[in-house]
Amino acid sequence: MATDTATASPRPARPSTWHDPRIRGIAYQILFVGIVAAFGAFLIHNTLVNLRRQNIASGFGFLDREAAFGIGESLIAYSPADTYARAFLVGLLNTLYVAGLGIVLATILGTMMGIARLSSNWLIRKLAQVYVETFRNIPLLLQLFFWWALLRESAPGPRQAWELLPGVLVSNRGVVFPVPVADPVHRWMLLAFVLGILAAVGVSRWSKRRQALTGAQFPMGWVGTGLVLGLPSVVFLAAGAPLQLDWPELKGFNFAGGNAVSPEFAALLIGLTVYTGSFIAEIVRAGILAVSWGQSEAASALGLKPGQRMRLIILPQALRVIIPPMTSEYLSLTKNSSLAVAIGYPDLVSIANTTMNQTGQAVEGIAMIMAVYLAISLVISLFMNLYNRAVALVER
Amino acid sequence: MIKKLWVLTLVGAMTALGGAARAGVTLDKVKAAGQISCGVPTGVAGFGAPDSQGRWAGFDVDICRALSAAIFGVADKVKYVPLTAQQRFTALQSGEVDLLSNNTTDTLQRDTELGLNFAPVVFYDGQGFLVPKKLGVKSAKELNGATICVQPGTTTELNLADYFRANKMEFKPVVIEKRDEVLSAFFSGRCDVYTNDSSALNADRLSQAPNPDDYVILPERISKEPLAPVVRHGDDQWDDIVRWVVYALIEAEEKGITSKNVDEKLKSDEPYIKRMLGVTPGMGKALGLDEKWAYNEIKLVGNYGEIFDRTLGKDTELKFERGLNNLWTHGGLMYAMPIR
Chain A
889 MATDTATASP RPARPSTWHD PRIRGIAYQI LFVGIVAAFG AFLIHNTLVN LRRQNIASGF
949 GFLDREAAFG IGESLIAYSP ADTYARAFLV GLLNTLYVAG LGIVLATILG TMMGIARLSS
1009 NWLIRKLAQV YVETFRNIPL LLQLFFWWAL LRESAPGPRQ AWELLPGVLV SNRGVVFPVP
1069 VADPVHRWML LAFVLGILAA VGVSRWSKRR QALTGAQFPM GWVGTGLVLG LPSVVFLAAG
1129 APLQLDWPEL KGFNFAGGNA VSPEFAALLI GLTVYTGSFI AEIVRAGILA VSWGQSEAAS
1189 ALGLKPGQRM RLIILPQALR VIIPPMTSEY LSLTKNSSLA VAIGYPDLVS IANTTMNQTG
1249 QAVEGIAMIM AVYLAISLVI SLFMNLYNRA VALVER
Chain B
-16 MIKKLWVLTL VGAMTALGGA ARAGVTLDKV KAAGQISCGV PTGVAGFGAP DSQGRWAGFD
44 VDICRALSAA IFGVADKVKY VPLTAQQRFT ALQSGEVDLL SNNTTDTLQR DTELGLNFAP
104 VVFYDGQGFL VPKKLGVKSA KELNGATICV QPGTTTELNL ADYFRANKME FKPVVIEKRD
164 EVLSAFFSGR CDVYTNDSSA LNADRLSQAP NPDDYVILPE RISKEPLAPV VRHGDDQWDD
224 IVRWVVYALI EAEEKGITSK NVDEKLKSDE PYIKRMLGVT PGMGKALGLD EKWAYNEIKL
284 VGNYGEIFDR TLGKDTELKF ERGLNNLWTH GGLMYAMPIR
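Going down the list, the protein sequences come from chains A and B.
Add 888 to a position in the first sequence, counting from 1, and you land on the number used in the working numbering.
For the second sequence, position 224 (counting from the first letter as 1) is numbered 207 according to the working numbering, and the numbering increases by one without interruption.
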């Protein structure tokens, strides 16, 4: 930092080497980095020496050993006979799963609430305010315990489960619902879905260019929906509609078949969404307020409806104020997902904790947790920065 | 969680910056501090929990008190550090506590890779299953497909997976760290089964269940759980002291020395008792303690049988049978090495 101001200052005559502020600045910075690096190296060395003297194993060799503990929820096949490395992967995927869904849902909820806080309707405005002030001001951990206890205590046992819809059962084991049995047609449907999205993006670009040139509008919403949903449906029907559902049924203690959402996962997702949503609502509100009122008036004068005004004029300008703090919210949501350990959802930290205790290698375990969260956070930052650049105002 | 990560990070920093553990260091440190820092459970009825006046009491706590009596001549020079199963080993390794008296199972991996030494076993336990009676289950073999509440970081978690694998059964673990939370999850019906050491199951059933009679412990014991106090590798003198303090408790019961009659036994003619109680000097010096070490612990805390009856056995609501924890002369496994 010192060099910035130093180089900016005028330099009438070239001073001697040591008195040259630029060289001195560089020297100080090298010295500082050197001290930090030396301290880091000292810490690592001392840790290794201490661990060795206390006869505590170190290194990452344990990752190849059999984990031998069970994991309640997993997106990939896992059994206690798998390795610690695979158990870590299960935890990582669980973390990404809940954080990814949480980010999407919190953004939707927060944006709606942020707009609602500026509504001209008194009731909507006040409800949004109560939501924000309540959930923003209660510690997340308490909220998680609250949601978890609510889901656990209010629902009946699996044998007396509530049947909401045929096959959709709610009990204190979570929500179970039927899922289609895997069929080769599904792969083609997925392909059709992706093609539909690509086609919709293409059509959207074309229609925007045409509108810019000729002013003619195009019913993009209907065509886009038709492409994205229609193409897979056509494939599905063309293949003879092979739909066979895997129904959940009570077998022994629990439901077998179908798919289940556990109370732990649901509590964590609801907690993260509602908590982070309240912060996002304030960010969105601030972003909208940052756009000058004249813009709204000008849009009205052009004859745009309130919805169009928000979508076409206000939000695009508000986004450049919204995106940077939003990035921080996404990062904190991801990191807050580690509170899962308190309510028994097997996220990365929960599994790393178990691993550390079985192997006793706390230093490696903590290092892995830190590295993973750092990597996730940097990736989120990267994408948000790219997006920020894309929505930034282009000065003409 | 964040707090715990901080604790772990701090402990990591202490490992990074800390000095060496050499023989004799722990006793010097304890004497300089004027108290023993003792890692105890975070609240298990009978083993270690604060009583109504906030004083720590229980079986594990009495081991710490016996050690304090042997070293300081008074039983209350102990700082109790409640530690979860996950925190305890790091706390011991880093020197935050001087020993663990924390229902810790003695296993090969802990003894070697974690750099720990186990004192003699003070309680022989085995892992069991607690289920609601209305489930109608009679044996652990019928638990296929069950959802099972378990605490992480214990041998319990591994034994559970081993047992179900060995019997070709499936289960769904719900892993929750805090004991209160895991119990409230089980008693609210989130899990079909709660698994832990059977002694802890019994204590939790009696002290935590809404109605203890609605729950039953299944007959199977799926593991051996020899629970023992733990010290660090590398300080043999401290290891010896903890070892012989435990042996003296057991030996006192075998020789019929209790807190009530220990003063009379000082006048005993038996050479063995004279040596043990310090009437004939030598044993205390060998340990680096006062010659009255064994006398003090028996006088102030009681012998093994008295501690057991007072905290877990017939004088308590828990009403544990002595079973394997009886003296070898009464068909149990408690057998102290000779004090000579």
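Backbone N, C-alpha and C fix where the C-beta goes; we use that ideal spot for every residue, glycine too.
All of these numbers come straight from a predicted model, not from anything done at the bench.
Among the options, nearest to residue i - alpha-carbon criterion
i                       : options                           : result
residue 1023 of chain A : A/998, A/1202, A/966 and A/984    : A/998
residue 120 of chain B  : B/322, B/201 and B/164            : B/201
residue 1066 of chain A : A/1180, A/1000 and A/1058         : A/1058
residue 878 of chain A  : A/1056, A/1222, A/1223 and A/1178 : Because residue 878 of chain A is not part of the residues shown, which for chain A are 889 to 1284, the question remains open.
residue 1239 of chain A : A/934, A/993 and A/973            : A/973
residue 1249 of chain A : A/1165, A/936 and A/1027          : A/936
residue 1070 of chain A : A/1145, A/1275, A/1103 and A/1138 : A/1145
residue 965 of chain A  : A/954, A/956 and A/978            : A/978
residue 960 of chain A  : B/209, B/187, B/133 and B/236     : B/133
residue 289 of chain B  : B/54, B/135, B/233 and B/80       : B/233
residue 8 of chain B    : B/81, B/21, B/22 and B/94         : B/81
residue 981 of chain A  : A/1260, A/1270, A/1269 and A/1266 : A/1260
residue 1172 of chain A : A/1197, A/1202, A/1086 and A/1263 : A/1202
residue 1225 of chain A : A/916, A/1137, A/1274 and A/1032  : A/1032
residue 1029 of chain A : A/1258, A/1221, A/1263 and A/1275 : A/1221
residue 130 of chain B  : B/124, B/122, B/183 and B/156     : B/156
residue 41 of chain B   : B/319, B/296 and B/280            : B/296
residue 281 of chain B  : B/17, B/43, B/124 and B/53        : B/53
residue 1246 of chain A : B/102, B/139 and B/128            : B/139
residue 243 of chain B  : B/144, B/113, B/163 and B/283     : B/283
Within-8 angstroms CB hit, residue i to chain A
i                      : result
residue 178 of chain B : no
residue 154 of chain B : yes
residue 144 of chain B : yes
residue 88 of chain B  : no
residue 127 of chain B : yes
residue 312 of chain B : no
residue 355 of chain B : No statement about residue 355 of chain B is possible, as the shown extent of chain B runs from -16 to 323 and does not include it.
residue 203 of chain B : no
residue 96 of chain B  : yes
residue 1 of chain B   : Note that residue 1 of chain B scores a pLDDT of 47, beneath 50, so its modelled location is shaky and nothing firm can be said.
residue 315 of chain B : no
residue 305 of chain B : no
Other residues of its chain near residue i: CB distance less than 6 angstroms, five sequence neighbours each side excluded
i                       : result
residue 1232 of chain A : 1152
residue 39 of chain B   : 33 and 63
CB contact below 8 angstroms: residue i versus chain B
i                       : result
residue 1268 of chain A : no
residue 965 of chain A  : no
residue 920 of chain A  : no
residue 979 of chain A  : no
residue 1206 of chain A : no
residue 959 of chain A  : yes
residue 1139 of chain A : yes
residue 1187 of chain A : no
residue 945 of chain A  : yes
residue 1180 of chain A : no
residue 1265 of chain A : no
Beta-carbon proximity list for residue i, same chain, < 8 angstroms, skipping 5 on both sides
i                      : result
residue 181 of chain B : 108, 109, 110, 111, 200 and 204
Beta-carbon neighbours of residue i, restricted to chain B and to distances below 8 angstroms
i                       : result
residue 1242 of chain A : 135, 136, 140 and 158
residue 1245 of chain A : 68, 69, 72, 135, 136 and 137
residue 1151 of chain A : 173
residue 1061 of chain A : 130 and 173
residue 956 of chain A  : 141, 144 and 145
residue 1142 of chain A : 128, 129, 130, 155 and 175
residue 962 of chain A  : In chain order: nothing, as chain B lies at least about 11 angstroms away.
residue 1220 of chain A : In chain order: nothing, as chain B lies at least about 11 angstroms away.
residue 1095 of chain A : Neighbours of residue 1095 of chain A on chain B: none; closest Cβ ~49 angstroms, over 8 angstroms.
Proximal chain A residues relative to residue i, where beta-carbon distance stays under 9 angstroms
i                      : result
residue 113 of chain B : Ordered by position in chain A, no residue passes the 9 angstroms Cβ test against residue 113 of chain B, which lies about 14 angstroms from the chain.
Proximal residues of chain A, C-beta to C-beta of residue i below 8 angstroms
i                      : result
residue 237 of chain B : Correct list: empty, because the minimum Cβ distance to chain A is about 34 angstroms.
residue 168 of chain B : 1040 and 1232
Contact set for residue i: own chain, Cβ-Cβ below 7 angstroms, skip 5 residues either direction
i                       : result
residue 1105 of chain A : 1099
Proximal chain B residues relative to residue i, where beta-carbon distance stays under 9 angstroms
i                       : result
residue 914 of chain A  : Here the premise fails: no neighbours, minimum Cβ distance about 31 angstroms.
residue 1248 of chain A : 72, 73, 76, 92, 93, 96, 97, 98 and 99
Under 7 angstroms from the C-beta of residue i: neighbouring residues of chain B
i                       : result
residue 968 of chain A  : 144 and 148
residue 1045 of chain A : 172
residue 1007 of chain A : Those do not exist, as residue 1007 of chain A stays about 36 angstroms from chain B at its closest Cβ, beyond 7 angstroms.
At a cut of 8 angstroms, does the segment 28 to 37 of chain B reach the segment 292 to 303 of chain B through at least three beta carbon pairs?
Of all C-beta pairs linking the segment 28 to 37 of chain B to the segment 292 to 303 of chain B, three or more are shorter than 8 angstroms, placing the two stretches in contact.
Sufficient close CB pairs (3 or more, under 8 angstroms) joining the segment 1046 to 1056 of chain A to the segment 1190 to 1199 of chain A
Contact between the segment 1046 to 1056 of chain A and the segment 1190 to 1199 of chain A is absent, because fewer than three Cβ pairs lie under 8 angstroms.
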